[in-house]
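Residue numbers (our numbering): 1 to 250. Backbone N, C-alpha and C define an ideal beta-carbon position, used for all residues, glycine too. Owing to the predicted nature of the structure, the values given are computational and were not obtained by experimental measurement.
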């Protein structure tokens, strides 16, 4: 065997290493490890779809390119019928007061409706407004001034006409209970910028929950950490954070 000609050099180098030099090199390595971990928390890891069980709300890059970083969804339940506002139905106006044509009833089941109902047409006059010629009822005189700056989407329709199932359909994509809400999916996909506060909060008004209940901000079959946390204006701001009366934590 031939002796290693560099063994003596390496040994001499190790003899001159000081404790300070060792700690300096180690601290640099630990700093790099911390930076990599922090960068992964702050910006996500490209191409990584796996969730860290110890930090389910950590920010993550979406699977597809997207501009959205945060989501604010306003659900304003309760309004006059669109047939009285901006969805003009001239044929319905012609059928006002008549019995519903049989072709509209065949194969359908309508809750709260028995026999042959009568048609109810618009109760207010409609007219065209703006350069676009959009139809509006006379109930929206101020809105008619900005009608050219508004996008009307009339291509969507649904067969859910009761409030509860219809709200579930809007928020979860199905009229049945048990599916994640929009907020739960957004939190699951994007995570949160902080790790000490909820990634998804809910504000309600009027002292009343939606007809579909708290399922409209629920996590469904996703882990419960992705469900919305309701912030209240009366009583406890957030439920179940305070100890019950007469009970302490000892």
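DSSP, read as helix, strand or coil, puts residue 99 in strand. Taken in chain order, the complete alpha helix (DSSP H) segments of 4 or more residues contained in the region 176–239 are 182–190.
The region 187–200 and the region 220–231 touch, with three or more beta-carbon pairs separated by less than 8 Å. The beta carbon of residue 202 lies closer than 6 Å to those of 217, 228, 230 in the same chain, with the five residues before and after it left out. Under DSSP, residue 112 takes part in no beta bridge, so it has no partner.
Sorting 212, 193, 97 by C-alpha distance to the C-alpha of residue 164 places 212 at the top. Secondary structure of residue 128 (DSSP, three-state): strand. Just so you know, the alpha carbons of residue 115 and residue 162 end up roughly 19 Å apart.
The alpha-carbon separation between residue 225 and residue 179 amounts to approximately 15 Å. The beta carbon of residue 100 sits closer than 8 Å to those of 116, 117, 118, 119, all from its chain and outside the five residues before and after it, given in chain order. Secondary structure of residue 67 (DSSP, three-state): coil. Look at residue 137 here: in three-state DSSP terms it is strand. Non-local C-beta neighbours of residue 166 in its own chain, meaning closer than 6 Å and more than five positions away in sequence, comprise 160, ordered along the chain.
For residue 70, the closest C-alpha among the options 214, 193, 215 is that of 193. In this structure, DSSP gives residue 118 an extended state, which the three-state scheme calls strand. Residue 90: member of the alpha helix (DSSP H) spanning 90–94, first to last residue. Straight-line measurement puts the Cα of residue 57 at about 20 Å from the Cα of residue 65. With fewer than 16 other Cβ atoms inside 10 Å of its own Cβ, residue 207 counts as exposed. With fewer than 16 other Cβ atoms inside 10 Å of its own Cβ, residue 150 counts as exposed.
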